[in-house]
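Q: Residue 813 in my numbering sits at position 494 of the sequence shown, with consecutive numbering throughout. Positions of the beta carbon are idealized from the N, C-alpha and C atoms, including for glycine.
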Amino acid sequence: MQALPGIESSQPEPVTSFADYPLSLGQRDVWMQSQLYPNGDVSKLSLMFSIWGPLEIPLFRQALQSLVDRHEILRTVFPGIPNGEPVQRVLQNCLIDCPLLDCSAVSGATDQEDRAIKIETAKQHANQQQTPAFDLANGPVLRARLLYFKPEWHCLVLSFHRLVLDGLHGAQLMNELGQTYRRLKRQEDPLAPPAVQYGEFSRLQQERLQGGQMETNRQFWLQRLREPLPETALPVDFDAPPQRTSETALHTHNLPVELTSELRLLQKRYRATAIQIATAAFAVLLQRTTGENEFLIAVPCSTRPRGMGGTIGFFSGILPLGIRVPQGISASALIEAVSRQFREAMDHREFSWTEALNSLRNRRGRNRSLLPVSVSQIGIVARKGAGEPGDLTMVGIGGYGSASSHELSVIVQEQSRLSLRFSYAKDLFDPATVENWGRYMETILKGFVHFPDTAVDQLPLVESGSPNEKPATPKSADEPALLDLFLSQVQRHPDAVAVTCGSDQLTYAALNRSANRYAHWLASRGLGTCALLLIEVENSCRMIGAILGAVKAGVCYALVRRGSNHTAEGIRLDPHIVSQEASNMPDHEPRKRVRGPMFADISGSFNESLHTTGEQGASRLVQADACWKLSSADTVLLTSTTGPSAAFGMWASLLNGARLVLAVERDLLSLGHILVTQNVS
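Here it is, written out as structure tokens:
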């Protein structure tokens, strides 16, 4: 890929100082971040636009330069803190370089493959263009390159520092560029500058801040962000490294057309936007994967005042919404509550987030995000030509940022059908986990549509039928879960023997404490309800504690033979080794885990389902709510702890207060001795 011969790119010329302005509230937050991480990628962003139609390169470059001349913010630099406060300085002139690169050799076998490869090529150029770091003091802080794919298909890649643009107004940039090109083609005057430039907006905002006109907003957020604040501890697949890279990957989950239509009707019914409904669904997903019921979710918003529609700049703000998902709340009530929070937050959206979030700092480790999750929304970015000579059709390919301050972001994209784009930290999450989250959110949204009056913690997360099938009717919330039944036996018979293996035995109270230690150990490893735990089988009391601990931690488990190659991928746990580490963990009851997605995956009956292993090593699913009817006077003998029969026997014993005996030896003489001495019923 090289510059096309015969088409020279313009070279930047020296610039002249024009005017200084204070930073806006949003810019101050970005400025502080850029000073803390001068080489970080979080403050860099690229926008990519496909351009269709015959393109006159010199004229297009002239149109791009006209855009820079029209908006002062595009020729602004940040010289530092000359008078104790950071300022932005508008340059009188700044020529932008826009080289043309020949990418015509990049192609695919089919039209779909060709388009995908070319879009990936544009992303690679966006990544390259963000390096090296922008020179904030001298500029320019805007870079451009034009990619040549075909005679009537080019791609413009714009990269910039977030101090000058926020990416929310990419459609405006694209429309202005297309209009200016058309005007130049017709030899008409370019567009006039906006009535209010961004620097003036910053100055007026600073005056209002110093005059106390934002005090109401300040008090609103300081009240909302009081301790104790919810801490969204996402269950991660990999331990956070000491130095986070902030690198992100993207996964797109397209919702079915039928569901998109149903959700748009839902929007009208509750007078809610797509992002509000998606935020409610995301909160349910967080509840099911973390076991918590309150979360701090970052929602980007625009702070651009009315009457400044022609002005571009950094108008992005953050609404740190504290979303609660109380037990038993219905889908309709949750949507209404989230919508109400959005409206209240938007009424107070103009404020210094550095001050508002100051109390949050140092609450999480230095290698974890301050606001780990976010939800945002983008629309279709397109400008269709009018069919007249010289008019261009431009389509936004999307924004590209190789890094993010969030660990997980859900981006709602509205087009012919809704899409959920998951931007996630590559050093924390496995792609398969994120793909599962996409499917879970789709099923939650279907539950919102079909069961609006059902408690959200009873909605299934995964469907067993076809993708377009209506979700199964949720089970009643009154049905007791496994842990409730087991804990009731602990309370009734704390000193009764729960499990015996050889000379070892544990009472119900001791077994519960052992399970709690395993649960705390699993939580300390960051394992959540999306994890699959492969427990290596050994006939011992501690293995029963490990199984109970997995359920308390909300983890789906499978029992596997030591050294076997299990068909499912998961995290292996050797009860003998882990018991030594778990012995140092607290033995009090862990945080209550809600019914998790892996249980819902299995049969739709949540914690009443168990994931076990068949005799041939293949996964099997069994229903624990069909346990034998036993009493505390009974004794159950298990000769094997694998297979559906063993799962029935173990849970039937523990949920009914009976005594469980594990056979160490399986020869007939040993089993006969156990049957007699242990009074096996």
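1) For my contact list, G518 and E669 are in at a C-beta cut-off of 8 Å; report their separation, rounded to the angstrom.
2) Cβ of L780 within 8 Å of Cβ of I763?
3) Tell me the DSSP secondary structure of E908 in three-state form.
4) What did DSSP end up calling V757 once you bin it into helix, strand or coil?
5) DSSP on N903, reduced to helix/strand/coil?
6) V460 by DSSP, collapsed to three states: which one?
7) Please report the straight-line C-alpha distance between A617 and Q506, rounded to a whole angstrom.
8) Go ahead and label N975 buried or exposed: buried means 16 or more other beta carbons lie within 10 angstroms of its beta carbon, across all protein chains shown.
9) Just the C-alpha distance for Q449 and L366, rounded to the nearest angstrom, thanks.
10) What would DSSP say about K363, mapped onto helix, strand or coil?
11) For a minimum of 4 consecutive residues, which ranges assigned as the alpha helix (DSSP H) are wholly contained in the stretch 726-780?
12) Among I400, G647, V657, S423, which has the Cα closest to the Cα of A599?
13) Are I896 and F767 close, meaning C-beta to C-beta below 8 Å?
14) Between which two residues does the beta strand (DSSP E) holding T395 run?
15) What residues are listed by DSSP as bridge partners for H572?
16) Nearest chain C C-beta to L737 closer than 8 Å, yes or no?
17) Where G684 and P905 are concerned, what is the direct C-alpha to C-alpha distance, given to the nearest angstrom?
18) State the Cα-Cα distance for the pair L578 and V753, rounded to the nearest angstrom.
19) Could you check what DSSP says for S426 in three-state terms: helix, strand or coil?
20) Do V406 and L342 come within 8 Å of each other at the CB atom, strictly closer than that value?
21) Per DSSP, what are the beta-bridge partners of H480 in this structure?
22) Go ahead and label L584 buried or exposed: buried means 16 or more other beta carbons lie within 10 angstroms of its beta carbon, across all protein chains shown.
23) Cα separation between F661 and N755?
24) Take the Cβ of E495 as the centre, count every other Cβ of all protein chains shown within 10 Å, and call the residue buried at 16 or more, exposed below.
25) Which residues mark the beginning and the end of the beta strand (DSSP E) in which P639 is found?
26) So, with DSSP's three-state summary, where would you put I415?
27) Mind the definition here: the stretch 446-463 touches the stretch 370-379 only if three or more C-beta pairs lie below 8 Å; say whether that holds.
28) Helix, strand or coil, according to DSSP, for H895 in the structure here?
29) Cβ atoms of H488 and F453: under 8 Å apart, would you say?
30) Taking the straight line between their C-alpha atoms, what separation do you get for L979 and E550?
31) Relative to the alpha-carbon of V409, which residue among G403, D749, T395 has its alpha-carbon at the smallest distance?
32) State the beta-bridge partners of C820 as determined by DSSP.
33) Do L523 and L466 have their C-beta atoms closer together than 8 Å?
34) Hey, how far is the Cα of V318 from the Cα of F468?
35) Cα separation between F601 and R659?
36) Could you give the C-beta distance for A838 and V809, rounded to a whole number, given that I count them as a contact under 8 Å?
A: Let's see:
1) Taking the sequence shown and counting its residues from 1, one reaches residue 518 at position 199. Taking the sequence shown and counting its residues from 1, one reaches residue 669 at position 350. 17 Å between Cβ atoms; not a contact.
2) The residue labelled residue 780 in the question sits at position 461 within the sequence shown. The residue labelled residue 763 in the question sits at position 444 within the sequence shown. In this structure, I763 lies closer than 8 Å to L780 by Cβ.
3) The sequence position of residue 908 within the sequence shown is 589, counting from 1. Shown here, E908 sits in coil according to DSSP, grouped into three states, outside any helix or strand.
4) Within the sequence shown, the letter at position 438 stands for residue 757. Before going further, note that residue 757 is Gly rather than Val in the sequence given. Here G757 sits in helix by DSSP.
5) Here the question's residue 903 lines up with position 584 in the sequence shown. Residue state, collapsed to three classes: coil.
6) For the purposes of this step, residue 460 is taken as residue 141 along the sequence shown, with counting starting at 1. Correct three-state label for V460: coil.
7) Here residue 617 refers to the residue found at position 298 of the sequence shown. Here residue 506 refers to the residue found at position 187 of the sequence shown. Using only the alpha carbons, I get a separation of about 46 Å.
8) Taking the sequence shown and counting its residues from 1, the one referred to as residue 975 is at position 656. Around the beta-carbon of N975, 16 or more other beta-carbon atoms lie within 10 Å, marking it buried.
9) Start at 1 with the first residue of the sequence shown, and residue 449 comes out as number 130. Start at 1 with the first residue of the sequence shown, and residue 366 comes out as number 47. Looking at the two C-alpha atoms, the distance is approximately 11 Å.
10) As a position in the sequence shown, residue 363 is number 44, starting the count at 1. Residue state, collapsed to three classes: strand.
11) As far as the stretch 726-780 is concerned, its whole alpha helix (DSSP H) runs of at least 4 residues are 750-769.
12) As a first step, residue 599 is located in the sequence shown; it is residue number 280 there, counting from the start. Of the candidates I400, G647, V657, S423, the one whose C-alpha sits nearest the C-alpha of A599 is V657.
13) If you number the sequence shown from 1, residue 896 lands on position 577. If you number the sequence shown from 1, residue 767 lands on position 448. No. Outside cutoff.
14) Here residue 395 refers to the residue found at position 76 when the sequence shown is read from its first residue. 395-399 is the extent of the beta strand (DSSP E) around T395.
15) The residue labelled residue 572 in the question sits at position 253 within the sequence shown. Per DSSP, L739.
16) Reference to chain C is not applicable here, since this structure consists of a single protein chain.
17) The residue you call residue 684 lines up with position 365 of the sequence shown. The residue you call residue 905 lines up with position 586 of the sequence shown. Unreliable positioning characterises G684 in this predicted model, as indicated by a pLDDT of 47, which lies under 50. The coordinate reading is nonetheless provided below. Distance between the alpha carbons of G684 and P905 is about 21 Å.
18) Along the sequence shown, read from residue 1 onward, the residue named residue 578 stands at position 259. Along the sequence shown, read from residue 1 onward, the residue named residue 753 stands at position 434. Near 20 Å, if we compare the C-alpha coordinates of V753 and L578.
19) Position 107 of the sequence shown, counted from the first residue, corresponds to residue 426. In the three-state scheme derived from DSSP, where H, G and I count as helix and E and B as strand, S426 is classed as coil.
20) Locating residue 342 in the sequence shown gives position 23, where the first residue counts as 1. Locating residue 406 in the sequence shown gives position 87, where the first residue counts as 1. In contact: L342 and V406 (Cβ atoms closer than 8 Å).
21) On the sequence shown, position 161 is the one that residue 480 refers to. Per the DSSP secondary-structure output, H480 pairs in a beta bridge with K363.
22) If you number the sequence shown from 1, residue 584 lands on position 265. Classified as exposed, L584 has fewer than 16 neighbouring CB atoms from the shown chains inside 10 Å of its CB.
23) In the sequence shown, the residue the question calls residue 661 occupies position 342. In the sequence shown, the residue the question calls residue 755 occupies position 436. Each residue's Cα considered, the two are about 27 Å apart.
24) As a first step, residue 495 must be located in the sequence shown, where it is residue number 176. It counts as buried.
25) Position 320 of the sequence shown, counting from 1, holds the residue named residue 639. Taken as a continuous stretch (DSSP letters only), the beta strand (DSSP E) holding P639 covers 635-643.
26) In the sequence shown, the residue the question calls residue 415 occupies position 96. Three-state result, I415: coil.
27) With the cut-off at 8 Å, the stretch 446-463 and the stretch 370-379 do not touch.
28) As a first step, residue 895 is located in the sequence shown; it is residue number 576 there, counting from the start. In the three-state scheme derived from DSSP, where H, G and I count as helix and E and B as strand, H895 is classed as helix.
29) Taking the sequence shown and counting its residues from 1, the one referred to as residue 453 is at position 134. Taking the sequence shown and counting its residues from 1, the one referred to as residue 488 is at position 169. Cβ distance not < 8 Å, so F453 and H488 don't count as in contact.
30) Translated into the one-based positions of the sequence shown, residue 979 becomes position 660. Translated into the one-based positions of the sequence shown, residue 550 becomes position 231. About 39 Å.
31) Locating residue 409 in the sequence shown gives position 90, where the first residue counts as 1. Here the closest residue by C-alpha is T395.
32) What you label residue 820 is simply residue 501 of the sequence shown in a count that begins at 1. Residue pairing from DSSP places C820 in a beta bridge opposite D823, L981.
33) Locating residue 523 in the sequence shown gives position 204, counting from the first residue. Locating residue 466 in the sequence shown gives position 147, counting from the first residue. The answer is no: Cβ separation not under 8 Å.
34) With the chain covering only 320 through 1000, there is no way to say anything about residue 318.
35) To locate residue 601, count along the sequence shown from 1; it is residue 282. To locate residue 659, count along the sequence shown from 1; it is residue 340. So the alpha carbons of these two residues sit roughly 16 Å apart.
36) Mapped onto the sequence shown, residue 838 falls at position 519. Mapped onto the sequence shown, residue 809 falls at position 490. Separation of the CB atoms of A838 and V809 is rounded to 14 Å, and the pair is thereby denied contact status at 8 Å.
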